[in-house]
Each structure stands twice: as C-alpha cells, then as structure tokens.
Amino acid sequence: DSGVTQTPKHLITATGQRVTLRCSPRSGDLSVYWYQQSLDQGLQFLIQYYNGEERAKGNILERFSAQQFPDLHSELNLSSLELGDSALYFCASSVREGRAQFFGPGTRLTVL
Amino acid sequence: KNQVEQSPQSLIILEGKNCTLQCNYTVSPFSNLRWYKQDTGRGPVSLTIMTFSENTKSNGRYTATLDADTKQSSLHITASQLSDSASYICVVSGGGGGNKLTFGTGTQLKVEL
Numbered sequence: 064d065s066g067v068t069q070t071p072k073h074l075i076t077a078t079g080q081r082v083t084l085r086c087s088p089r090s091g092d093l094s095v096y097w098y099q100q101s102l103d104q105g106l107q108f109l110i111q112y113y114n115g116e117e118r119a120k121g122n123i124l125e126r127f128s129a130q131q132f133p134d135l136h137s138e139l140n141l142s143s144l145e146l147g148d149s150a151l152y153f154c155a156s157s158v159r160e161g162r163a164q165f166f167g168p169g170t171r172l173t174v175l
Numbered sequence: 019k020n021q022v023e024q025s026p027q028s029l030i031i032l033e034g035k036n037c038t039l040q041c042n043y044t045v046s047p048f049s050n051l052r053w054y055k056q057d058t059g060r061g062p063v064s065l066t067i068m069t070f071s072e073n074t075k076s077n078g079r080y081t082a083t084l085d086a087d088t089k090q091s092s093l094h095i096t097a098s099q100l101s102d103s104a105s106y107i108c109v110v111s112g113g114g115g116g117n118k119l120t121f122g123t124g125t126q127l128k129v130e131l
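Protein chains in written order, with this note's numbering: chain A, 64 to 175; chain B, 19 to 131.
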C-alpha cells in the first residue's frame, strides 16, 4: 500500500460523457501527478500540481482538466469522452519535486 | 529529443535464474534515473533512484547500475522468483524545465517454473 488512494477503482461510462477521478496523496506529500496508461502502452504523463498550483503539463488533451485543492487532494476531469480514452489513470504523489513518486492503485476507465 | 529506450521489450526466464534489463537514455541535462516495477493492473512501485554520482544501488535482489557517461543503466535481478513477473519501467528525470520525467515503455518480464 503506497498511501495514495484513488477513487473510483472502476468506471464504465458512455461516449460523450464527463467523469471525475479523485486522488488523495500520501500524508505530507505536496506534489500530485496524473498519468494515463492505455492497454499495453507505457505511462503517459498528463499533469502535475504542487501545493495547489499547476507545475507541469504533459500530453493532456484540452478535454481533460485537473486541479489540486487546499487539502491537497486532486481531481482529474475528463469530458466529451471518446472510446480511445479508455485506460488506466494513475495518480502519484511525492513530498516535493525530484523525489520518489508513490503511485496509487489506479482508476480503470472504460468508455463504451 | 528526450528519449528513454528499454531492452529487451519482453523476457521469459526460469525461476531461480538471473537477468539484466537495459535502459538507454538521451535526456539532458540529467537529474536522476529511477526503476519501477509494475504488476499488471497495478500502480508502479519504485525500486531504486540513482543520481549522477551513483554507479550502483541495490534493493534486495535488485541491483541497478548507472553509467552517466554512456547514458546507460541496467537493472539486474538475481535468483528470480515468480513474483518478479511484471513490467519494469525506467524513468529519467531532467531534460530541462525542472522535474520533467521521461518514461521508457518498459520490459515485460515473465518468470516461469
């Protein structure tokens, strides 16, 4: 158990819908990272927050957005969902930038 | 362009045998290199983090090496166990812009009886 929690564990929805994935970092960690992993693909970095502020952006689509709240939990919002958005979405946290990232168990999103 | 290449793409070994996974990178400037183990459907778990000045680091049966001159790293697994079956991902930090991470696509290891 990494100490990072993600909800829900599984999510099945239809194309065109909008979903919100939630992540609670390890206690004391200020940085939160979001990743997408499609079937048989490597991890794709989406976005990073540090203490509530966006710090880095990766290959995140305009249909996706995220935020980190004052209590440091983070949410990833995916809208206008497409079949290709089906993937595992991981959240990771670290005490600060450059330190080891601890990954959550992931949310498996299936878009039908 | 910052890239991390891992080889082999997949590997099957017998239980008890040793194996070595390779990681070559072109990330510059270099900050650190990490190896992660990812079980199917689970989040990656950190095995080692190596900085520029570290050549070797061990974590139980896992030993990572780093040659910053040739920009190569290896992960050696000794006395493999069935539970070592997983994807092993090499991640390099650096490349400008602070904490930018470049991920390799991983080596899929399967340990069989």
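Each residue gets a CB set at the ideal place from its N, CA and C atoms; glycine is no exception.
Subject >> Integer-rounded CB distance, given that Asp92/A should sit under 8 Å from Ser156/A >> reply: 4 Å
Subject >> Where Leu141/A falls, given that 16 or more other Cβ within 10 Å makes a residue buried >> reply: buried
Subject >> Bridge-paired residues (DSSP) for Ile75/A >> reply: Thr173/A
Original post:
Which residues, taken in chain order from the region 65-82 of chain A, show a beta carbon closer than 8 Å to some beta carbon of chain B?
Top reply: Ser65, Val67
**OP:** Enumerate in chain order the residues of its own chain whose CB-to-CB distance from Ser105/B is below 6 Å, with the five nearest sequence positions on each side excluded.
**Re:** Gln56, Gly124, Gln126
Original post:
Gly147/A by DSSP, collapsed to three states: which one?
Top reply: helix
Original post:
By a C-beta neighbour count over all protein chains shown, 10 Å radius and 16 as the cutoff for buried, is Pro26/B buried or exposed?
Top reply: exposed
Original post:
Using a Cβ-Cβ cut-off of 8 Å (strictly less than) and excluding sequence neighbours within five positions of Lys128/B, which residues of its own chain qualify?
Top reply: Ser28, Leu29, Ile30, Ile31, Ser103
**OP:** Drop a sphere of 10 angstroms on the beta-carbon of Pro133/A, count the other beta-carbons inside from all chains shown, and report buried for 16 or more, exposed for fewer.
**Re:** exposed
Subject >> Within 9 Å, strictly: CB atoms of Gly147/A and Lys72/A >> reply: no
Subject >> Exposure of Phe121/B, with buried meaning 16 or more beta-carbon neighbours within 10 Å >> reply: buried
**OP:** Find the nearest neighbour of Thr96/B within the set Thr38/B, Glu23/B, Lys19/B, Gln24/B, judged by alpha-carbon distance.
**Re:** Thr38/B
Subject >> Identity of the residue in Tyr98/A, Ile110/A, Gln111/A nearest Gly61/B by Cα >> reply: Tyr98/A
Subject >> First and last residue of the uninterrupted beta strand (DSSP E) at Glu138/A >> reply: 137-141
**OP:** Grab me the residues of Lys75/B's own chain with a C-beta within less than 7 Å of its C-beta, minus the 5 sequence neighbours each way, in chain order.
**Re:** Thr66, Met68, Ala82
**OP:** Pull up the DSSP beta-bridge partners for Arg52/B, would you.
**Re:** Ile67/B, Val109/B
Subject >> Residue closest to Leu84/B, alpha-carbon to alpha-carbon, out of Leu131/B, Arg52/B, Ser98/B, Glu33/B >> reply: Arg52/B
**OP:** Just confirm the distance between the C-beta atoms of Glu138/A and Ala129/A, as a whole number of angstroms; I'd bet it's less than 8 Å.
**Re:** 7 Å
Subject >> Assumed close pair Leu172/A, Tyr152/A - CB separation to whole angstroms, cut-off 8 Å >> reply: 6 Å
Original post:
Counting along the chain, where does the beta strand (DSSP E) carrying Gln99/B start and finish?
Top reply: Here Gln99/B belongs to no beta strand (DSSP E), and DSSP marks it neither H nor E.
Subject >> CA-to-CA distance, Gly167/A to Val67/A, given in whole angstroms >> reply: 5 Å
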